[in-house]
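Numbering (the working numbering), first residue to last: 1493 to 1701.
Glycine is no exception: its CB is placed at the ideal position from the N, C-alpha and C atoms.
Nothing here was measured: the structure is a model prediction, and the numbers come from that model.
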Amino acid sequence: MIFCLDSSGRETLLGLAKDQQVREIMLKDRDSLKSSFLELLDSMGAAPAEIAAIAIGQGPGSFTGLRVGFAFAHGLARGLDVPLWPVPSFDVLAHKVLPISDTVTVLVQARKERWFAQSYGEDAKARVVLDASELAQWLPLGGVLCGPGCKSLPEELQAKLEDRIPADERLHRPQADTLIELAQTTWTNRERLAISDVLPDYGLEFGAA
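Spelled out as structure tokens, the structure:
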């Protein structure tokens, strides 16, 4: 059984994979992290001792969210003596969309009216942090845009890009099945990381709180 967590956004993803079933919940209040974790286990008739590994979204994103999520995951991994598998949150977001677009650009808002952006696929581009005017020039000419940062773009820019932003809200947040799949693909049969070495990626600057 694998537990997953991504707290890089305004809402926190909790997920559990057991017996080829995946269940997830999204939390608006990080203060309910522990109780929601226990409720998720209970909903699948599972106990903490059954967890074999923990997959965690690394960010970038919310500084506060990542700090809280990683503290919880570190404590849980140490207490259960299980591996902690980090996966870049941008990879998780892009993975769901790549099957429907040759190029996928992930957007997450950072501080001071700036956005983290990274493109995957045919027109891949390394991650940057840009303001709205810089972002408009940097974006690939084609492809789909996803991620929570799409909603926070200035109205004028958002209107220009509207046709490239999927309406399905699930494509703008991490999903448990993808996070777990990428974690397994990356870390199964590899040397176990020291928990203290599994750290959040705050990006090129601290993310939005």
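- Here the segment 1659 to 1672 lies against the segment 1583 to 1593, with 3 or more beta-carbon pairs under 8 angstroms apart.
- At least 8 angstroms separates the beta-carbon of T1595 from that of A1609.
- Of G1501, C1496, G1613, the smallest CA-CA separation from C1642 is found for G1501.
- The secondary-structure analysis by DSSP pairs S1644 with nothing; it has no beta-bridge partner.
- With respect to the C-alpha of Q1550, the residue from A1539, L1530, L1576, G1571 having the closest C-alpha is L1576.
- K1604 sits in coil when the DSSP states are folded into three classes, being neither helix nor strand.
- Under the three-state reduction of DSSP output, T1677 falls in the helix class.
- Per DSSP, reduced to three states, the secondary structure at Q1513 is strand.
- With respect to the 8 angstroms criterion, M1536 and L1508 are classified as neighbours on the basis of their beta carbons.
- In this structure, the beta-carbon distance from D1523 to L1671 does not fall below 8 angstroms.
- In this chain, the alpha helix (DSSP H) harbouring D1583 covers 1581 to 1589.
- DSSP links Y1612 through a beta bridge to V1596.
- Here the alpha carbons of A1686 and L1572 stand approximately 14 angstroms from one another.
- Judged by DSSP in its simplified three-state form, G1557 adopts helix.
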